[in-house]
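Residue numbers (the working numbering): 137 to 504. Glycine residues also receive a C-beta, built at the ideal position from the N, C-alpha and C atoms.
Right, here's the structure in full:
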């Protein structure tokens, strides 16, 4: 049987959603509902996507935040656009200072870059949006002020994060627990989480726009906190930040074009893996079999090895995009896959992740 968007090879109680006027998808129902609110209010796919992205920073704080980065692919009906919303390192964060403080760690100032997500929200909205930006912030503001029930998986990850934070000392961590564990512990599944701190930030964005985040009172608060606690952020770092419109990169996989954001984004890993799999007879392996999984895992391992070795900010490094996607190079990488594999570091790998969302409207505008 031919597989289409209306068929599913896996057993499920969920049926495909078919819509004529628009659709949204993301990992949290409250964020998805924020996107639907924008479509029902007459907004387009970009309005829906930005509303979802803002809401996700509140309802799924274990995987993203207002101070995070973001990337977007936009199809306007005629052309595919790419937007890189990753932030740069502060000017004062030199290699020598990183080395003096013991390298890069998951906690502390050495890994803090200028937040890029809010600027990306603004740039998408200015170019493609239709509703007032303040309206896109409204769902997140309401959920922050009135509270929202915490999902079970998020509660579990939240607890893990709070326990890690409790082990940290120093003034740079003093606001974390009052914000994310106001009762001394992470919110439990189904409990209502209220965050007036988030609400204040959302209200400022709604009333003053994203400029408040980079040049106004929010930026001033972040820079002052950095100065007081050994950080590197300056007002120049914040004010000079810009998103970057980029040309998406692509490969073909079994007759389909697959597009990604170019480096410094890591989406090229998917293109490399697909290029490796293109030359393997994966269809000859039963779906979900050990052999099928083995080929996919090995392809991704090789892809991430290339990403870790070559991907960097193209402003400061020569990133061999064409070389990594060259068929001859992919063939050499493919030849490294054998019938067996060994993980070089046995044990439980570190957990992590991010969020994803997409939206489409009746006029053919789509964003991922």
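Segment limits, alpha helix (DSSP H) that includes residue i
i: residue 377; result: Here residue 377 belongs to no alpha helix (DSSP H), and DSSP marks it neither H nor E.
i: residue 340; result: 332-344
i: residue 388; result: It is not in any alpha helix (DSSP H) - residue 388 instead sits in the beta strand (DSSP E) that spans 385-389.
i: residue 349; result: 347-350
i: residue 243; result: Unbroken run through residue 243: none, as it is neither H nor E.
i: residue 458; result: 457-460
i: residue 429; result: 426-446
i: residue 465; result: 463-470
i: residue 477; result: Residue 477 -> no alpha helix (DSSP H), and no H or E assigned at all.
i: residue 261; result: 253-264
i: residue 316; result: 312-316
i: residue 235; result: 231-236
i: residue 186; result: 181-195
i: residue 303; result: That residue, residue 303, is in no alpha helix (DSSP H); it is neither H nor E in DSSP.
i: residue 173; result: 165-176
i: residue 568; result: This structure leaves residue 568 out entirely; the chain is present only between 137 and 504.
i: residue 125; result: This structure does not reach residue 125, given that the chain is present from 137 up to 504, and the question cannot be answered.
With 16 other Cβ atoms within 10 Å as the buried cut-off, status of residue i
i: residue 381; result: exposed
i: residue 484; result: exposed
i: residue 475; result: exposed
i: residue 300; result: exposed
i: residue 269; result: buried
i: residue 137; result: Summary for residue 137: the model assigns pLDDT 43, below 50, so the residue's position carries little reliability; its value from the coordinates is reported in the next sentence. Counting Cβ neighbours within 10 Å, residue 137 comes out exposed, since fewer than 16 surround it.
i: residue 154; result: exposed
i: residue 376; result: exposed
i: residue 470; result: buried
i: residue 492; result: exposed
i: residue 429; result: exposed
i: residue 273; result: buried
i: residue 420; result: exposed
i: residue 472; result: exposed
i: residue 187; result: buried
i: residue 398; result: buried
i: residue 146; result: exposed
i: residue 152; result: exposed
i: residue 261; result: buried
i: residue 173; result: buried
i: residue 458; result: exposed
i: residue 222; result: buried
i: residue 205; result: buried
i: residue 447; result: buried
Cβ neighbours of residue i in the same chain (closer than 7 Å, five flanking residues each side left out)
i: residue 396; result: 384, 385, 403, 404, 406, 407
i: residue 323; result: 286, 291, 294, 329
i: residue 411; result: 387, 461, 466
i: residue 349; result: 254, 341, 355
i: residue 195; result: 164, 166, 167, 279, 284
i: residue 373; result: 226, 227, 250
i: residue 259; result: 219, 379
i: residue 257; result: 186, 189, 190, 346
i: residue 352; result: 344
First and last residue of the uninterrupted beta strand (DSSP E) at residue i
i: residue 396; result: 392-396
Residue closest to residue i, alpha-carbon to alpha-carbon, out of the options
i: residue 116; options: 349, 164, 360, 266; result: With the chain covering 137 to 504 only, the question about residue 116 has no answer from this structure.
i: residue 220; options: 338, 251, 440; result: 251
i: residue 488; options: 297, 190, 172, 430; result: 297
i: residue 477; options: 466, 502, 435; result: 435
i: residue 391; options: 378, 415, 379, 368; result: 415
i: residue 248; options: 431, 271, 234, 470; result: 234
i: residue 320; options: 309, 326, 302; result: 302
i: residue 490; options: 230, 452, 199; result: 199
i: residue 450; options: 148, 360, 224; result: 224
i: residue 365; options: 169, 244, 389; result: 244
i: residue 271; options: 192, 447, 339, 352; result: 339
i: residue 308; options: 170, 361, 202; result: 361
i: residue 242; options: 205, 304, 217, 207; result: 304
i: residue 197; options: 239, 178, 276, 266; result: 276
Per DSSP, the bridge partner or partners of residue i
i: residue 220; result: 207, 380
i: residue 160; result: 495
i: residue 503; result: 210, 495
i: residue 328; result: 285
Residue i: CB within 6 Å of a non-hydrogen atom of the ligand FMN
i: residue 434; result: Summarising the ligand content, the structure contains no ligands, and the ligand FMN is consequently not present.
Close Cβ partners of residue i (< 8 Å) along its chain, the five nearest in sequence each way excluded
i: residue 157; result: 175, 497, 498
i: residue 501; result: 180, 181, 182, 210, 211, 212, 213, 264
i: residue 231; result: none
i: residue 443; result: 402, 404, 405, 408
i: residue 162; result: 168, 171, 188, 192, 491, 492, 493, 494
6 Å Cβ shell around residue i - same chain, five flanking residues per side excluded
i: residue 331; result: 280
i: residue 333; result: 315
i: residue 229; result: 368
i: residue 237; result: 246
i: residue 431; result: 416, 418
i: residue 312; result: 301
i: residue 171; result: 160, 184, 187, 188, 495
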